[in-house]
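Asker: Here the sequence shown stands for residues 103 to 225, where the numbers follow this note's numbering.
All C-beta atoms in this analysis are idealised placements derived from N, C-alpha and C, irrespective of residue type, glycine included.
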Amino acid sequence: MAQKGILVTGGAGYIGSHTARQLGENGERLVTLDNLCTGFRQAVLHGELIVGNTGDQALVSRILKEHDIDTVMHFAAHTIVPESVENPLKYYANNTCNTRNLLACCAEAGVKHFVFYPLLLFM
Ligand SMILES: NC(=O)c1ccc[n+]([C@@H]2O[C@H](COP(=O)([O-])OP(=O)(O)OC[C@H]3O[C@@H](n4cnc5c(N)ncnc54)[C@H](O)[C@@H]3O)[C@@H](O)[C@H]2O)c1
């Protein structure tokens, strides 16, 4: 049976890119989804980088299906604590609403494993 894929959201960012590098070096088949709002294209060393948003339901659903994803590791987020206090709705929209969208897509696609690294969920 073909190897199932792992989707790493925020894989062009700090934590996500290190995680993806470890997974890639261990032979896992990876896809990174990152909108590059704070991430870096050159940090993605393994697999394909898809530049897009976790809030884009059509895109996420297509990735899960076309890349035969059974595991999602979710690191896409805004992460600056003072900014989250100054502009909580920006954080609510990205870290809460977009995560909910991602989870709904995963449930619909039958993704088996979801690794969730704690996000700033200020509201
Ligand atoms: N850095 C730490 O020490 C630390 C500690 C504890 C928890 N965390 C958590 O780990 C996660 C990642 O943190 P980080 O330090 O790597 O931040 P980071 O800003 O370096 O990485 C976040 C990545 O997500 C991308 N991104 C943001 N919103 C997106 C969206 N809607 N769609 C697609 N891509 C999107 C950004 O472009 C970036 O590449 C966050 O949830 C953070 O709260 C980090």
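Starting from Val146, trace the beta strand (DSSP E) both ways and give me its first and last residue.
Answerer: On the sequence shown, residue 146 is found 44 positions in, with the first residue counted as 1. Going by DSSP, Val146 is part of no beta strand (DSSP E) at all; its letter is neither H nor E.
Asker: By Cβ distance below 6 Å, which residues in the same chain neighbour Leu205 in space, the five residues on each side in sequence not counted?
Answerer: Mapped onto the sequence shown, residue 205 falls at position 103. Hits under 6 Å: none found.
Asker: Is Gly115 near Gly157, with beta carbons less than 8 Å apart?
Answerer: In the sequence shown, the residue the question calls residue 115 occupies position 13. In the sequence shown, the residue the question calls residue 157 occupies position 55. No, the pair does not count as a contact, with Cβ atoms beyond the cut-off.
Asker: Around the C-beta of Leu191, are 16 or more other C-beta atoms found within 10 angstroms, so that it is buried, or is it exposed?
Answerer: Translated into the one-based positions of the sequence shown, residue 191 becomes position 89. So Leu191 counts as exposed.
Asker: Any heavy atom of ligand 2 within a distance shorter than 7 Å of the CB on His180?
Answerer: Ligands displayed in this structure: ligand 1; ligand 2 is not among them.
Asker: Should Thr198 be counted as a contact of ligand 1 given a C-beta to heavy atom distance under 7 Å?
Answerer: The sequence position of residue 198 within the sequence shown is 96, counting from 1. In this structure, ligand 1 has no non-hydrogen atom nearer than 7 Å to the beta-carbon of Thr198.
Asker: Got a sec, what are the start and stop residues for the beta strand (DSSP E) Leu109 sits in?
Answerer: Within the sequence shown, residue 109 is the residue found at index 7, counting from 1. Counting along the chain, the beta strand (DSSP E) containing Leu109 begins and ends at 107 to 111.
Asker: Name the two residues that bound the continuous beta strand (DSSP E) containing Ile182.
Answerer: As a position in the sequence shown, residue 182 is number 80, starting the count at 1. Counting along the chain, Ile182 falls outside any beta strand (DSSP E), and DSSP gives it neither H nor E.
Asker: From Thr121 to Asn155, what does the alpha carbon distance come to, in whole angstroms?
Answerer: As a working note, residue 121 is residue 19 in the sequence shown. As a working note, residue 155 is residue 53 in the sequence shown. Thr121 and Asn155 have their C-alpha atoms some 19 Å from each other.
Asker: Less than 7 Å between the CB of Phe216 and some heavy atom of ligand 1, yes or no?
Answerer: Here residue 216 refers to the residue found at position 114 when the sequence shown is read from its first residue. Checking the Cβ of Phe216 against ligand 1 gives no.
Asker: Short of 6 Å in beta carbon distance, which residues of its chain neighbour Gln105, apart from the five on each side in sequence? Order them along the chain.
Answerer: Counted from its first residue, the sequence shown places residue 105 at position 3. Excluding residues within five positions, the ones whose Cβ falls inside 6 Å are Arg131.
Asker: In terms of alpha-carbon separation, which member of Cys139, Arg202, Cys207 lies closest to Ile171?
Answerer: By one-based count along the sequence shown, residue 171 stands at place 69. Among Cys139, Arg202, Cys207, the Cα nearest to that of Ile171 is on Cys207.
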